[in-house]
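First up is the structure itself, then whatever we jot down about it.
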Amino acid sequence: MTHHPRAHLSDPAPDLTRPITTDCLAVVGLQWGDEGKGKVIDRVSPRYDAVVRYNGGANAGHSVVFDGKRHALHLVPSGIFSERTRAVIGPGVCVDPFSLIDELERLAAAGVNVSNLVLSDRAHLVMPYHKQEDASREARLDEPDQQGKSGASQGAIGTTRRGIGPAYAEKAMRAAAVRTGDLLRPEVLRERLRIACDFKKRGNTLIDAPPESLDADRLFDQLSAIAPKLQPHLDDTTYLLHTMLRDGKPLLFEGANATLLDVDHGTFPFVTSSSTTALGISSGAGVPGRCLGQTLGIVKAYSTRVGAGPMPTELKDDTGERIRKNGNEFGTTTGRPRRCGWLDLVAVRYASMLNGTTGLAIMLLDVLAGLDELKVCVAYEIDTLRTDRFPPDAYDLVRAKPIYETLPGFAEDITAARSLDDLPAAARTYLDFIEGYVGVPIRFVSIGPDREQSIEVGGAM
Ligand code: IMO
Ligand code: MG
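To convert a position in the sequence shown, counted from 1, into the working numbering, add 211.
Right, dumping it as structure tokens:
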């Protein structure tokens, strides 16, 4: 294993008397994920000097389609396809190093230049034992004696089994956590793995896996073998991003997962383990929030959710099935069928408020073509009380009954539209209703998976 060159230590720190740019853009999901963040980011990333992931891990699945090809991304930022843009994985991301190398090799084989990828040397590593623990905990929660005691908060979470929860827990517990930079510090790596395996073998952790999965020497050898592949990408991304901000270079922050899965503000406990909103950008990327000029909230034209947890507008009928089929609503990461339902504007407005969005992107509008009528949830009834507030705790949300407004449907195929004027009147009414309810302007409408099937509204983003 080679040692880190620490080349960046000889670069001067940025001059703090120069102002930072406030032209940065945040792109975040306002629902339960899979809103189409990857598509929007791919489309606008050539205008930014870096696209920065700040949260989550390989639980995310972002797909980007252009030139007739579909690329699935999990850890690599969706800006990787723009030659002039750096693709940065910040310190707040939990990185599965094997999965990242896999992804880089797949992209390179598809002819994508991945030399622009920069990986923070402070990001935490997801280890094989974290994935095993994730799976073991889920299996235990699925056992009958764990379920049904109080309704809302029992049963498995329905995780992606990518080890996200255990890796973030390890980070918070500190002593046995391994970071990307440790790949270049063999003595630290060896020591941390020894402690981690020792702790886990003493039985504090639920892991149903063969003993070699907690063999520290074996893990050390595996990581040492892949370290040289990640070394060229490792850097201090915090100084890198601050230098860019002082040089007036705007950054784009790519949210992974989505607002209603946020560990603090989402539908707990059916959430992921990171700060998925724009609020997480500061800590996850290491930049001040005031660099953000715009925050774009990505909204699917209907609702989907993968995994367990309450979803007030879920449709368990033919309409739900039809949306799933039209929208090809199967997970990018796990292939699971997504639960589908009407657009929940109570949830979207809550998410928009939390993120402080300055614009909305309405995605997959084309999927709704052919439905006779379109319903949107404008309030809930909870224990006979009508409310337009979103109660994020799963215990309350599971009792929320949606109150709908019904809007006319549109029959036309809209995938060739390139401006709002090309859309049928009913589609425009639908968009106007969303904008009016949320109180934030629509800046982007997607009417098909391809990069070109996009309508930008109201100037540059
Ligand atoms: P993108 O970035 C949809 C969901 C999982 C599960 C819960 C917890 O593609 O929008 P985890 O593995 O994170 O511990 O799982 O969160 N989940 C997502 N659902 N899109 C995602 O990401 C998701 N990331 C996590 O399905 O319910
Ligand atoms: Mg996805």
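Glycine residues also receive a C-beta, built at the ideal position from the N, C-alpha and C atoms.
Beta-carbon proximity of residue i to residue j, cut-off 7 Å
i: residue 345; j: residue 377; result: yes
i: residue 298; j: residue 327; result: yes
i: residue 343; j: residue 418; result: yes
i: residue 448; j: residue 329; result: yes
i: residue 465; j: residue 668; result: no
i: residue 642; j: residue 238; result: no
i: residue 266; j: residue 303; result: yes
i: residue 431; j: residue 404; result: yes
i: residue 570; j: residue 629; result: no
i: residue 311; j: residue 336; result: no
i: residue 482; j: residue 490; result: no
i: residue 608; j: residue 478; result: yes
i: residue 350; j: residue 306; result: no
i: residue 406; j: residue 268; result: no
i: residue 646; j: residue 620; result: no
i: residue 651; j: residue 599; result: no
i: residue 370; j: residue 545; result: no
i: residue 498; j: residue 554; result: no
i: residue 562; j: residue 470; result: yes
i: residue 582; j: residue 476; result: no
i: residue 252; j: residue 289; result: yes
i: residue 560; j: residue 649; result: yes
Contact set for residue i: own chain, Cβ-Cβ below 6 Å, skip 5 residues either direction
i: residue 234; result: 461, 504
i: residue 399; result: 393
i: residue 538; result: 575, 578
i: residue 616; result: 587, 589
i: residue 534; result: 513, 551
i: residue 597; result: 590
i: residue 500; result: 493
i: residue 495; result: 265, 266, 301, 303
i: residue 410; result: 387
i: residue 315; result: 325
i: residue 278; result: none
Residues that residue i bridges to, as DSSP identifies them
i: residue 548; result: 541
i: residue 305; result: 335
i: residue 643; result: BP columns for residue 643 are empty, so no partner.
i: residue 575; result: DSSP output for residue 575 lists no bridge partner at all.
i: residue 233; result: DSSP output for residue 233 lists no bridge partner at all.
i: residue 282; result: 275
i: residue 529; result: Looking at the DSSP assignment, residue 529 forms no beta bridge with any residue, so it has no partner.
i: residue 297; result: 261
i: residue 240; result: 509
i: residue 554; result: 587
i: residue 330; result: 300, 445
i: residue 570; result: 507
Beta-carbon proximity list for residue i, same chain, < 7 Å, skipping 5 on both sides
i: residue 516; result: 243, 522, 549, 550
i: residue 254; result: 662, 665
i: residue 605; result: 363, 364, 478, 479, 480, 481, 520, 521
i: residue 367; result: 349, 352, 353, 519
i: residue 229; result: 457
i: residue 444; result: 328, 329, 330
i: residue 474; result: 482, 483, 484, 485, 486
i: residue 379; result: 305, 484, 485
Cutoff 8 Å; reference residue i; Cβ partners in own chain excluding five residues on either side
i: residue 282; result: 274, 275, 276, 292, 318, 321, 323
i: residue 631; result: 639, 642, 656, 666, 668
i: residue 424; result: 339, 340, 343, 418
i: residue 247; result: 509, 511, 572, 574, 575, 657
i: residue 625; result: 576, 577, 580, 633, 634, 635, 638, 658
i: residue 468; result: 240, 244, 266, 267, 270, 271, 483, 485, 487
i: residue 450; result: 219, 222, 224, 225
i: residue 672; result: 236, 255, 258, 505, 507, 570, 654, 655
i: residue 227; result: 457
i: residue 531; result: 525, 550, 551, 552
i: residue 446; result: 219, 329, 330, 331, 332
i: residue 391; result: 306, 308, 330, 331, 332, 333, 334, 335, 336, 441, 445
i: residue 614; result: 588, 589, 590, 591, 592, 597
i: residue 429; result: 423
i: residue 426; result: 408
Can you give, in chain order, each stretch of the alpha helix (DSSP H) that sits fully within the stretch 583-614 and has at least 4 residues? 605-608
Pick out every residue whose C-beta is nearer than 5 Å to a heavy atom of ligand 2: which are they, in chain order? 245, 272, 543
Residue ranges of each beta strand (DSSP E) within the stretch 436-520, 3 or longer: 462-465, 503-511, 514-516
Residue ranges of each alpha helix (DSSP H) within the stretch 383-434, 4 or longer: 397-410
In the stretch 242-270, which residue ranges form an unbroken alpha helix (DSSP H) of at least 4 residues, counting only runs that do not cross its ends? 248-255
Starting from the N-terminal side, write out each stretch of the alpha helix (DSSP H) that is 4 residues or longer and does not extend beyond the stretch 615-666. 636-649
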